[in-house]
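Position one of the sequence shown corresponds to residue 2 (this note's numbering), numbered consecutively onward.
Ideal Cβ placement from N, Cα and C applies to all residues, glycine included.
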Amino acid sequence: MYETMFQPITIGGLTLKNRIVFAPTTLGLSEEEYREKIRAIAAGGCAMVIIGDVPVGRHGPMSLYSRKGFAHYQALCRLVHQQGCLICAQLHQSDSDFKAMIKYIPGILTKRISMEDLRPLLNQQASKLVTEMSADRAAEIAASFGPAAVRAAEAGFDMVQVHGDRMCGSFSSALMNHRTDKYGGSPQNRARFAVEAVTAVRKAVPGMAIDYKLPVRQENPHYGNAGVLVEELPVFVPLLERAGADSFHVTLANHAKLTDTIPPKNHPEFSAEGCFLRYCDQVRQYTALPLCGVGGLTDPDFVEEQLASGRIQLAAMSRQLIADPQWPNKVEAGRLKELHRCVRCNKACLGGMQQHKGVHCIYDKKN
Ligand SMILES: Cc1cc2nc3c(=O)[nH]c(=O)nc-3n(C[C@H](O)[C@H](O)[C@H](O)COP(=O)(O)O)c2cc1C
Ligand code: SF4
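(1) Hey, how far is the Cα of Pro269 from the Cα of Thr260?
(2) Extract the residue ranges of the beta strand (DSSP E) inside the region 52-113, only unbroken runs of 3 or more that lie entirely within it.
(3) Which residue marks the beginning of the beta strand (DSSP E) containing Cys293, and which one marks its end?
(4) In angstroms, rounded to a whole number, what distance separates the CA positions of Ala136 and Phe172?
(5) Taking the alpha-carbon positions, what's the Leu46 to Gln356 distance?
(6) Which parts of the region 246-323 are runs of the beta strand (DSSP E), unbroken and 3 residues or longer, counting only runs that do not cross its ends?
(7) If you check the beta carbons only, do Val22 and Ala317 fall under 7 Å apart?
(8) Who are Arg218's beta bridge partners in DSSP?
(9) Kindly examine ligand 2 and report whether one of its heavy atoms sits closer than 6 Å to the Cβ of Cys47.
(10) From Gly85 to Ala43, what distance separates their C-alpha atoms?
(11) Indicate the three-state DSSP secondary structure (helix, strand or coil) for Val360 in the structure shown.
(12) Please list the terminal residues of the continuous beta strand (DSSP E) segment that includes Gln355.
(13) Which one of Lys266, Cys362, Ala227 has the shortest CA to CA distance from His256?
(14) Does any heavy atom of ligand 1 sit closer than 6 Å to the C-beta of Met102?
(15) Considering only C-alpha positions, which residue in the set Val57, Glu37, Asn330 is nearest to Gln162?
(16) With respect to the alpha helix (DSSP H) encompassing Phe172, which residues constitute its N-terminal and C-terminal limits?
(17) When DSSP builds the beta bridges, which residues end up paired with Ile10?
(18) Between which residues of its own chain and Gly208 is the CB-CB distance below 8 Å, once the five residues before and five after are set aside?
(19) Between the alpha carbons of Ser31 and Ala76, how many angstroms are there, rounded?
(20) Thinking just about the alpha-carbon of each residue, which of Arg59, Asn124, Phe237, Glu133 is nearest to the one in Arg193?
(21) Would you decide whether His370 is buried or exposed? Buried here means 16 or more other CB atoms lie within 10 Å of its CB.
(22) Given this structure, state the Cα-to-Cα distance separating Asp365 from Ser319, to the nearest angstrom.
(23) Which residues bound the alpha helix (DSSP H) around Val151?
(24) For Phe146, which option in Tyr105, Ala175, Glu155, Ala198 has the closest C-alpha, if you only look at C-alpha atoms?
(25) Where do the ends of the beta strand (DSSP E) carrying Val163 lie?
(26) Using the three-state DSSP reduction, which class does Tyr184 fall into: helix, strand or coil?
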């Protein structure tokens, strides 16, 4: 019944046992809870887990270069492999200007600035950061994706995803990037940072599969501030493919409200099952590479239809696998009545993250 969903697929030489992937998801849990959550998701039957926000930088406790960070990723890779699942590192460069953020801390602590108020303030800082950075520094950061990919491979990751949002996404967007040099202006120039990052990864790990998380933004109505306008896809997609991307993970661009990129059921624009697949249709016009859809994928029949029709080649799920890590195993075994379908309430997952309690689910006690 779900024939396409459980067929293997090979991307950039890497064979995934089926078409279901855990979308990159920062969980904000203690190390022990985090490992248990990732173990449960990997054991639930998905083909690959994408570990969100693996920094390319050399500093910080979760760096691939620190002893603690590297050991953390090595342990995760072992744990996921033991469940018969693959693991991908989402290579990420933040575009937050931490020095500029310090001035908001008193306002946050006294609750004069809410987390919702903070987002537009941080967007302004990100825009300033990518606009004012020297070209040499931009080239240096883009190049750093290469050695980070080598470290990821050494830790045991099977694939890397270049996070096309955050710094890549801010460089990509005319709303965020106001440069007048070779990294700004035309879509070709705004694509340069991301293309250099992918090129660096391809050169550093020639045999490794590379995914690109492609954030798309739209006007009329306006959604997403970073990333690539639909009209700019004919420039960005072929450039990224030529640089070495083996697949695209397509979603709404960020630097907007979190409830747009992680939309609840009552969202005015993205309420439907498969809410961002319209962007896959746009990307498909410019590439034959495998596309991974994400966003509100919860219904086995719907997911199978999208895969069987060839609209997408992979289906990524974040909240659905948080709600029920066993979704793939249950669907494959035809145990549909036992599924805990994500209702997109955002109460305990995004809500838990925003309240600094970590990502949980209203179903947690039932799993
Ligand atoms: C709690 C939470 C944390 C997330 N963290 C990340 C992240 O670290 N990197 C990323 O690219 N996307 C992140 N996302 C976005 C998801 O990958 C996904 O695109 C989004 O949730 C829509 O898919 P869904 O409807 O299956 O949840 C996160 C989503 C949630 C719910
Ligand atoms: S808390 Fe609600 S939106 Fe979040 S994963 Fe659970 S059911 Fe889905």
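So, from the data block:
(1) Answer to the nearest angstrom: the Cα atoms are 11 Å apart.
(2) Scanning the region 52-113 for uninterrupted beta strand (DSSP E) segments of 3 residues or longer gives 87-93, listed from N- to C-terminal end.
(3) Looking at the DSSP string, the run of the beta strand (DSSP E) that includes Cys293 is 292-295.
(4) One alpha carbon belongs to Ala136, the other to Phe172, and they sit about 12 Å apart.
(5) With the sequence shown as reference, residue 46 is identified as Gly, and Leu is not the correct amino acid for it. Computed Cα separation, rounded: 30 Å.
(6) Counting only runs of 3 or more, we get 248-253, 292-295, 315-318.
(7) Yes, the pair counts as a contact, with Cβ atoms nearer than the cut-off.
(8) Paired residue(s): Leu230.
(9) No, the beta carbon of Cys47 sits no closer than 6 Å to any heavy atom of ligand 2.
(10) Taking the Cα positions, Gly85 is about 8 Å away from Ala43.
(11) Residue state, collapsed to three classes: coil.
(12) DSSP places Gln355 outside any beta strand (DSSP E); the residue lies instead in the alpha helix (DSSP H), whose first and last residues are 351-355.
(13) The candidate whose alpha carbon is nearest that of His256 is Ala227.
(14) No, Cβ of Met102 sits at least 6 Å from all heavy atoms of ligand 1.
(15) Checked all of Val57, Glu37, Asn330; the closest Cα to Gln162 is Val57.
(16) Counting along the chain, the unbroken alpha helix (DSSP H) around Phe172 starts and ends at 167-173.
(17) Here Ile10 is bridged, per DSSP, to Leu17.
(18) Cβ within range, chain order: Gly14.
(19) Rounded to whole angstroms, the separation of the alpha carbons of Ala76 and Ser31 is 15 Å.
(20) Comparing Cα-Cα distances from Arg193 to each of Arg59, Asn124, Phe237, Glu133, the minimum goes to Phe237.
(21) Because the chain spans 2 through 368 in this model, residue 370 falls outside it and cannot be assessed.
(22) So the alpha carbons of these two residues sit roughly 15 Å apart.
(23) First-last of the alpha helix (DSSP H) with Val151: 146-156.
(24) Ranked by how close their Cα comes to the Cα of Phe146, the residues Tyr105, Ala175, Glu155, Ala198 have Ala198 in first place.
(25) Counted as a single uninterrupted DSSP element, the beta strand (DSSP E) harbouring Val163 occupies residues 160-164.
(26) Tyr184: coil per DSSP, three-state reduction.
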